[in-house]
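Q:
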Amino acid sequence: MLKFLRKYNKFILVVGGVMLMVAFLAPQAIQQAGKMTLFQPTVAELGGEKVKRDDLLRADLEVRSIERLLPGLVQSLNLDPDHENEHWLLLAHAAREGGFVGGSADGRAWISELATTLVQQSYLANLQSQFGGFYPQNFLAQQALQYMESDDASAQVAQVAERLVQQRSQIAGQHRMTETEFDEVLGLARGIYRMQQSYLQVERAGANEAVVRAKRMLDQVRADVLWIPATTFLDDAPEPTAEQLQAQFETYREENPGEGDHGFGYRLAPRVKLEWLVLDRAQFEAAAPVSVLDVARAHQENRTQYPGDLETERTRIERDLRRAKGERLLDAAQAIVQAEINGAMHTLKREGDYRVVPDGWAAERPTADQLADTLVQAMLQREGVTLPRPEVQRADRWIEIPRGFVDYPALARAGLIRGSRAIPLAQALLQVREIAGDNGEGLQVGVPIVSTNVRDAVGNRYFVTVLDAAKAGVPESIEDLPHPEIVTEDWQRLQVYESLAARTEEFCQLAIADGLEAVVTELQGPPPEATSEEDAADGESDLVGPEPGEVDESADDGDATVDDTQSAEGEAASDVETTDQEGDAEPETPEQPRLQPAEVTFSREGVVGAPVLNTDAFRDAGFSLAEALDPLTPVADAPSSERTFGVAIPESLGVAIAQVEFVRPLTIETYRVYGDQAIRASLLQEMQEQAAEQDLDPFTLEALSRRFGYELRDRGDGA
17 MLKFLRKYNK FILVVGGVML MVAFLAPQAI QQAGKMTLFQ PTVAELGGEK VKRDDLLRAD
77 LEVRSIERLL PGLVQSLNLD PDHENEHWLL LAHAAREGGF VGGSADGRAW ISELATTLVQ
137 QSYLANLQSQ FGGFYPQNFL AQQALQYMES DDASAQVAQV AERLVQQRSQ IAGQHRMTET
197 EFDEVLGLAR GIYRMQQSYL QVERAGANEA VVRAKRMLDQ VRADVLWIPA TTFLDDAPEP
257 TAEQLQAQFE TYREENPGEG DHGFGYRLAP RVKLEWLVLD RAQFEAAAPV SVLDVARAHQ
317 ENRTQYPGDL ETERTRIERD LRRAKGERLL DAAQAIVQAE INGAMHTLKR EGDYRVVPDG
377 WAAERPTADQ LADTLVQAML QREGVTLPRP EVQRADRWIE IPRGFVDYPA LARAGLIRGS
437 RAIPLAQALL QVREIAGDNG EGLQVGVPIV STNVRDAVGN RYFVTVLDAA KAGVPESIED
497 LPHPEIVTED WQRLQVYESL AARTEEFCQL AIADGLEAVV TELQGPPPEA TSEEDAADGE
557 SDLVGPEPGE VDESADDGDA TVDDTQSAEG EAASDVETTD QEGDAEPETP EQPRLQPAEV
617 TFSREGVVGA PVLNTDAFRD AGFSLAEALD PLTPVADAPS SERTFGVAIP ESLGVAIAQV
677 EFVRPLTIET YRVYGDQAIR ASLLQEMQEQ AAEQDLDPFT LEALSRRFGY ELRDRGDGA
């Protein structure tokens, strides 16, 4: 035994020393950990319980992690933008108390449902972009539901679910959570969403009320309608005098656009003038060098990703290599541009979050044109890549926020990246210092935006400079408007409309005697003879749009290439500072469009395919006439005088002359199939309208704070 102790005495001393240190320090560590929790500052009280600073930090972490996975979900919860963590904390508390939270398994199971919702929303968004001007929301929603029953939709759902599962693992690791912990957060989000949805669906209709609501949405009338818009006859409108023009302006100068009579309104929104440089991802991918050796090496090193032979996989490998190299070149180009801007700005003194801009800075700052030229040279010298000169655009005309961005679709799709969040550029520009005052965002006139990235969904990058900015307000003169000519057009449209409205009864009598074409002939003369199919197609009515079945489903498969998307953006943005290549060539004057009757179907709640007709006046007139018809006689056999009506529609500045062709009252069979959906939609719409008018939303931060006795003490450092 003594020999053993002598032989290993050093080892025994070391082990014993370590054990003594552990025994000595462990109680202190445990005690200190307890103190850290015990003495952590209390920042608020929730129902009599203390809310620690770590509780708010945890809530913020949960919001950020869910936002990374599903930005749309966080937006749908309508969190208070200034206190997202507190609002989330209160919503979570309410959901737990209501028994809506199911735990990690519930959150994990939600992923497949979320994938289905995302695919359906994507398809519906595509329908809205193509047919939103022609068909009402509820009709497009039905088309989306039908699509979800297809095999294509099932395949898409499986792909999206797989992507969400992969992202879930990545996001959990980035936020230092286990996958189970992240599933618990997802389950919490599902509980909050479930709670909000249950509130919206709580109201129920009695038997008689259900039938009344179903009839309002499912009774249908089909009519041939001739829509006569005032805009068709602006060439015949008189020119306003200066006094008339000024009177038009004075009447509506304090009204917001779309809110005054006939939709007139000239009040100015916040507005900016901009200059921007575009780093086009497609150009960088096209310029990225990809050799035969690169392709062969990628094929050998990634056999799992490219299982086919080299010739089979070549196209896909080249595409992936160009995307990867294009991204690297984009990063290099962004660094070059940022360095140029920062180098020029280093002389500008800081004043908090902003720069002090001296007189004459506008002449000294790097312009987008200068940055474009510098970039081309630097990329050739540093990367050995010849790039086409990046696109530069400048809008010296006021761009109203947000409606003016419709003229600049590429910018409208761009977002300002802050951490894990993407804020639409139009929304971010509302925080420019000259519009919103000092707010800590660091955006100001004359200073290029470089502290954060500005990108769009396909990865194009933008360097934007606000040249000027102005707050919302009442314009002093017509010249202050972004489009001064709108006042003249509005006055002329009103004159033409009043003239047409006065002839509504005359048009009805013409339609009764000789049909709707007689009204067209009265207004525009006899129709020209069609010389070709194209000429005949030009005469088709634009009152209704194409059938939703004609939608290009390839846009919904989630696999649109960068090249396709980019070319569309380039075409859309090409109207900025364009130059007439023909010199003095005069543009052709378009011929006056010929009016054409169109078939329209409507219920008491909405009009399918013709939003300009979707007014109470038109629908009520149509149903009043339809209900007076003999239900035992086919509508087509009724005298034209009993099925013709006309309505002047001031909201759309036009006149509608219609002849009823078919009446479809609600049947018991239709009620059994669609009645429940119609009733729920009607109740939901009514509840949302009442909540908006009376501020009844029970899930706002203010409402939750009152209900649970939430009192803020001190936000602390991390809240």
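For the sequence shown, the working numbering assigns the number 17 to the initial residue and increments by one for each residue that follows. The beta carbon of each residue, even a glycine, is placed where N, CA and C say it ideally should be. The structure presented is a predicted model; accordingly, all values stated were derived computationally and were not measured.
#1: Name the residue from Ala239, Pro245, Asp325 whose alpha carbon lies nearest to the alpha carbon of Pro609.
#2: Could you name the residues that DSSP lists as bridge partners for Asn469?
#3: Tell me the rounded alpha-carbon separation between Thr331 and Ala486.
#4: Could you check how far apart the C-beta atoms of Lys289 and Trp414 are, in whole angstroms? I think they sit under 8 angstroms.
#5: In terms of residue numbering, what span does the alpha helix (DSSP H) encompassing Ile665 cover?
#6: Write down the C-beta distance between Leu364 and Val372 rounded to the nearest angstrom, noting that I regard them as a contact closer than 8 angstroms.
#7: Going by other Cβ atoms of all chains shown within 10 Å of its Cβ, with 16 needed for buried, is Glu129 buried or exposed?
#8: Please list, in chain order, all residues of the same chain as His315 whose beta carbon is under 7 angstroms from its beta carbon, the five residues on each side excluded.
#9: Between which two residues does the beta strand (DSSP E) holding Ala485 run?
#10: Between Ser640, Arg620, Ala637, Gly114, which has its C-alpha nearest Arg206's C-alpha?
#11: For Ala428, which residues from the same chain have a beta carbon less than 7 angstroms from its beta carbon, with the 5 sequence-adjacent residues on both sides left out?
#12: Do the CB positions of Ser619 and Leu234 come within less than 8 angstroms of each other?
#13: Beta-carbon separation of Glu301 and Arg344 under 8 angstroms?
#14: With a floor of 4 residues, list each alpha helix (DSSP H) that falls wholly inside the segment 104-149, ordered by position along the chain.
#15: Let me confirm a value: Val490 is counted as buried when at least 16 other C-beta atoms fall within 10 Å, else exposed. Which label applies?
#16: Check Thr716 in the structure and name its three-state DSSP category.
#17: Closer than 8 angstroms is the cut-off here; do at least three beta carbon pairs connect the segment 458-472 with the segment 498-507?
#18: Are the beta-carbon atoms of Ala654 and Leu641 separated by less than 8 angstroms?
#19: Here's the rule: buried if 16 or more other CB atoms are within 10 angstroms of the residue's CB, otherwise exposed. What is Lys66?
#20: Which residues does DSSP list as the beta-bridge partners of Gln386?
#21: Tell me whether the beta-carbon of Arg69 lies closer than 8 angstroms to the beta-carbon of Pro57.
#22: Taking just the CA atoms, how far does Asp632 sit from Ala111?
#23: What residues are listed by DSSP as bridge partners for Asp741?
#24: At what residues does the alpha helix (DSSP H) containing Thr504 begin and finish?
#25: Could you check the C-alpha separation between Glu83 and Asp252 for me, to the nearest Å?
#26: Whose CA, out of Leu510, Pro714, Glu270, lies closest to the CA of Leu250?
#27: Any idea if Ser166 is buried or exposed, counting beta-carbon neighbours within 10 angstroms, 16 or more meaning buried?
#28: Out of Leu403, Ala672, Phe639, point me to the one whose CA is closest to Glu658's CA.
#29: Here's the rule: buried if 16 or more other CB atoms are within 10 angstroms of the residue's CB, otherwise exposed. What is Thr660?
#30: Locate the beta strand (DSSP E) running through Arg287, then write down its first and last residues.
#31: Does Pro491 come out as helix, strand or coil in the three-state DSSP assignment?
#32: Could you check if Val624 is buried or exposed, using at least 16 other CB atoms within 10 Å of its CB as the buried criterion?
#33: Is there contact between the segment 474-481 and the segment 292-299, where contact requires at least three CB pairs shorter than 8 angstroms?
#34: Buried or exposed: where does Arg434 fall if 16 or more other Cβ atoms within 10 Å of its Cβ makes it buried?
#35: With Val306 as the anchor, note down where its beta strand (DSSP E) starts and where it stops.
#36: Taking C-alpha atoms, which residue in Ser515, Glu538, Glu514 lies nearest to Gln525?
A: With the structure as the only source:
#1: Measuring from the Cα of Pro609, the nearest candidate turns out to be Pro245.
#2: Per DSSP, Ile433.
#3: Between Thr331 and Ala486, the C-alpha separation is close to 50 angstroms.
#4: 6 angstroms
#5: Counting along the chain, Ile665 falls outside any alpha helix (DSSP H), though it belongs to the beta strand (DSSP E) covering 660-665.
#6: Beta-carbon to beta-carbon, Leu364 and Val372 are separated by about 6 angstroms, close enough to satisfy the 8 angstroms threshold.
#7: exposed
#8: Tyr322, Leu326, Glu329, Ile333
#9: 477-486
#10: Gly114
#11: Phe421, Val422, Ala442
#12: yes
#13: No. Outside cutoff.
#14: List check, alpha helix (DSSP H) in window: 120-147.
#15: exposed
#16: coil
#17: no
#18: Not in contact: Ala654 and Leu641 (Cβ atoms no closer than 8 angstroms).
#19: exposed
#20: According to DSSP, which records beta bridges pairwise, Gln386 is partnered with nothing at all.
#21: yes
#22: 40 angstroms
#23: Residue 741 lies beyond the residue range present for the chain, which begins at 17 and ends at 735; the question has no answer from this structure.
#24: 501-517
#25: Roughly 55 angstroms between the two C-alpha positions.
#26: Leu510
#27: Counting other Cβ atoms within 10 Å of its Cβ, Ser166 stays below 16 and is therefore classed as exposed.
#28: Cα-wise, what sits closest to Glu658 is Phe639.
#29: buried
#30: 287-295
#31: coil
#32: Buried: at least 16 other Cβ atoms inside 10 Å.
#33: Touching, per the Cβ criterion.
#34: Arg434 counts as exposed, since fewer than 16 other C-beta atoms from the protein chains shown sit within 10 angstroms of its C-beta.
#35: Val306 -> no beta strand (DSSP E), and no H or E assigned at all.
#36: Glu538
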